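> Attaching a single structure in structure tokens format; questions to follow.
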Amino acid sequence: MSWIEDLFVTHSALQAVVMLSLICTLGLALGRVKVGGVSLGVAFVFFIGILAGHLGLAIDGQMLDYAQTFGLVVFVYMLGLHVGPNFFGSLKHEGMELNLWSFAVIGIGTLMCGVLAMTTSVSLPDMVGVLCGATTNTPALGAAQQALAHLGQPSGSVALATAVTYPLGVLGVILAMVVIRKILVRPQDLELKNAEAEDKTYIGQYVVENPAIAGKNIAQVARGSHVHFVISRVWREQQVIVPKADTVLQLGDNVLVVLSKEDVDTMEMFFGKKAETDWNKEKIDWNHLDSKLESRVLVLSRRVLNGKRLGQLKLRHAYGVNVSRITRGDVKLLATDDLRLQYGDRLVVVGDPGALDHVEEFLGNAVQTLNEPNVGAIFLGLILGLALGTIPLMLPGMDSPVRLGIAGGPIVMGILVGALGPRLHVISYTTRSASLMLRQAGLSLYLACLGLEAGHGFFQTVMRPEGLLWVGLGFAITLVPVMVVGIAALLTRRYDFGTICGILCGSMANPMALGYASDSTKGDAASISYASVYPLGMFIRVLIAQMLIGVLA
Numbered sequence: 030m031s032w033i034e035d036l037f038v039t040h041s042a043l044q045a046v047v048m049l050s051l052i053c054t055l056g057l058a059l060g061r062v063k064v065g066g067v068s069l070g071v072a073f074v075f076f077i078g079i080l081a082g083h084l085g086l087a088i089d090g091q092m093l094d095y096a097q098t099f100g101l102v103v104f105v106y107m108l109g110l111h112v113g114p115n116f117f118g119s120l121k122h123e124g125m126e127l128n129l130w131s132f133a134v135i136g137i138g139t140l141m142c143g144v145l146a147m148t149t150s151v152s153l154p155d156m157v158g159v160l161c162g163a164t165t166n167t168p169a170l171g172a173a174q175q176a177l178a179h180l181g182q183p184s185g186s187v188a189l190a191t192a193v194t195y196p197l198g199v200l201g202v203i204l205a206m207v208v209i210r211k212i213l214v215r216p217q218d219l220e221l222k223n224a225e226a227e228d229k230t231y232i233g234q235y236v237v238e239n240p241a242i243a244g245k246n247i248a249q250v251a252r253g254s255h256v257h258f259v260i261s262r263v264w265r266e267q268q269v270i271v272p273k274a275d276t277v278l279q280l281g282d283n284v285l286v287v288l289s290k291e292d293v294d295t296m297e298m299f300f301g302k303k304a305e306t307d308w309n310k311e312k313i314d315w316n317h318l319d320s321k322l323e324s325r326v327l328v329l330s331r332r333v334l335n336g337k338r339l340g341q342l343k344l345r346h347a348y349g350v351n352v353s354r355i356t357r358g359d360v361k362l363l364a365t366d367d368l369r370l371q372y373g374d375r376l377v378v379v380g381d382p383g384a385l386d387h388v389e390e391f392l393g394n395a396v397q398t399l400n401e402p403n404v405g406a407i408f409l410g411l412i413l414g415l416a417l418g419t420i421p422l423m424l425p426g427m428d429s430p431v432r433l434g435i436a437g438g439p440i441v442m443g444i445l446v447g448a449l450g451p452r453l454h455v456i457s458y459t460t461r462s463a464s465l466m467l468r469q470a471g472l473s474l475y476l477a478c479l480g481l482e483a484g485h486g487f488f489q490t491v492m493r494p495e496g497l498l499w500v501g502l503g504f505a506i507t508l509v510p511v512m513v514v515g516i517a518a519l520l521t522r523r524y525d526f527g528t529i530c531g532i533l534c535g536s537m538a539n540p541m542a543l544g545y546a547s548d549s550t551k552g553d554a555a556s557i558s559y560a561s562v563y564p565l566g567m568f569i570r571v572l573i574a575q576m577l578i579g580v581l582a
């Protein structure tokens, strides 16, 4: 039976792969089981790793370090790459306000961590581990461990403190949301106040009754307005017109306009009258509206066009077509001339069928090509992210430099590549399924290694008075900030409950609690606000973990 020992006992590369795969398999399978409507998902891999370590299972130390580092780096880089394209845009609008609430959660928790480190017997490094577990922020733990390694200090107890506080860190956020909902939430707070936030466009039909714009061509009308809009169709009596820059508007024309939602009323005053027809329903067969016009969704798959501004393509002048909207990931954008296109964008193009054939050839529209992830660019991004993470940053009041590390460097680089890559004509597109798979695989691998490493002394630590103290302090650091900020945000009545839940889950880096929030609230409000605050919140927590450890230097 030596082959069994080779698989599960004898330290080797083969045994490491088998053990980690087994832990991930069991953890992901059991993570789907719901208890009281709550499932832990990928977090269950962490607990299976703890159990395996407690039972005496182990892998080679160097293999463990490699797998743990690689899993963490892949997870945070792909997360940054996923949110990068819309990250800075969201910060300019509602995202900044959502992040301020997230900062409040982070600030209260950090303040509690510092006060408790000074007033209890728990050392500062161990308290940082408690903070990481209470906020279920494993990248911050990775940053703290790396900072301790730079100082030449052991980090085993830090990981152990994270391990014993992690379970209640997961459940504490869920408990806080349940309590807030039972006590304070009104029925109207459950209604979406920012529905379909991922759709930033609105389609409206307007009648030209304003004599100030009648007799002017569309280019002149657009220059005379401070609002960005796109006219995709013009109906004049029984005639259908494909609008061009030199198309002259006349009184009584019906124009189909794509614009931002906040500009709907402004456009009504600008054109003169808004028609009652609702063009924003889920299912509208645009190709049956007009016999002469066709609407197609074309994919930008020609690499040479990546990073070009829409106006530079001159599609309206060269082909006589209009681009009304652009879908990037899950976000629908207004197709303005200054919008910078990205590889993988989906353009809604309206025009004559023959002209659309030529536009399709020009844009590429090779959907199959998009199913092939740009793996080389991903590995290059990992290298750049790790290099960025090693750069020392001197902050006022600190004796030793702070580094973004293996957790912060890759996520910052991912955001930068996702947001700015097209400007440099870098192909950063990755399919949604490939991105999700790499994130899930990386996080699973990291949690399996983390649990396996912490499992050896887990239950013995919990049973000691010191371990019980860690658990109690961690639960307080989880519950108090979430309850305080959650109640304050709800009392402002600015957000629906789903949005507040997303803020709380994102600020605590808690995707498990997000699963509960998404299942118990309407729409995608929780997921949208979670994505808005998660990257910046996690990055700040990574810095905070290193800064707290830096106090020891």
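To convert, count from 1 in the sequence shown and add 29; that's my numbering.
In this text, a Cβ means the ideal position worked out from N, Cα and C, and glycines have one as well.
Treat the numbers as computed from the prediction; the structure is a model and nothing was measured.
1. What is the DSSP secondary structure of Asn-283, counted as helix, strand or coil?
2. Rounded to the nearest angstrom, what separates Gly-566 and Ala-560 at their Cα positions?
3. Does the segment 103–113 come close enough to the segment 434–449 that 3 or more CB-CB pairs lie under 8 Å?
4. Using 8 Å as the threshold, is the C-beta distance between Ser-330 and Ala-395 below it?
5. Which residue comes first and which comes last in the beta strand (DSSP E) that contains Arg-354?
6. Check whether the segment 296–304 and the segment 365–382 are in contact - that is, three or more C-beta pairs closer than 8 Å.
7. Work out the CA separation of Gly-185 and Trp-499 for me, nearest whole Å.
8. What three-state label does DSSP hand Val-71 in the structure shown?
9. Helix, strand or coil: how does DSSP classify Gln-575 here?
10. Quick test of your reading: Ser-324 and Val-271, contact by CB under 8 Å. State the CB separation rounded to the nearest angstrom.
11. Could you tell me the alpha carbon to alpha carbon distance between Ala-190 and Leu-344, rounded to whole angstroms?
12. Using a Cβ-Cβ cut-off of 6 Å (strictly less than) and excluding sequence neighbours within five positions of Val-457, which residues of its own chain qualify?
13. From what residue to what residue does the alpha helix (DSSP H) around Val-511 run?
14. Per DSSP, what kind of secondary structure is Glu-225 in: helix, strand or coil?
15. Among all the DSSP beta bridges, which residues are the ones paired with Ser-324?
16. Using the DSSP secondary-structure output, state which residues sit across from Arg-338 in a beta bridge.
17. Which of the three DSSP states, helix, strand or coil, is assigned to Arg-215?
18. Please report the residue range of the alpha helix (DSSP H) in which Leu-84 lies.
19. What are the partner residues of Gly-233, as DSSP defines its beta bridges?
20. Please state the DSSP three-state secondary structure of Ser-261.
21. Our contact map puts Leu-327 next to Leu-392 with C-beta atoms below 8 Å; I'd like the distance itself, whole angstroms only.
22. Specify, as a first and last residue, the run of the alpha helix (DSSP H) that Gly-531 falls within.
23. With respect to the alpha helix (DSSP H) encompassing Leu-476, which residues constitute its N-terminal and C-terminal limits?
With the given structure in hand:
1. strand
2. 10 Å
3. yes
4. yes
5. 351–357
6. no
7. 15 Å
8. helix
9. helix
10. That belief does not hold up - the Cβ atoms of Ser-324 and Val-271 are roughly 11 Å apart, past 8 Å.
11. 59 Å
12. One detail in the question is off: residue 457 reads as Ser in this sequence, not Val. Closer than 6 Å at the Cβ level, and outside the excluded window around Ser-457, lie Val-446, Gly-447 and Gly-450.
13. 494–520
14. Unreliable positioning characterises Glu-225 in this predicted model, as indicated by a pLDDT of 45, which lies under 50. The coordinate reading is nonetheless provided below. Looking at Glu-225 - three-state DSSP - the assignment turns out to be coil, as it is neither helix nor strand.
15. Val-379
16. Arg-369
17. coil
18. Where Leu-84 is concerned, there is no enclosing alpha helix (DSSP H), given that its DSSP letter is neither H nor E.
19. Val-286
20. strand
21. 5 Å
22. 526–536
23. 461–483
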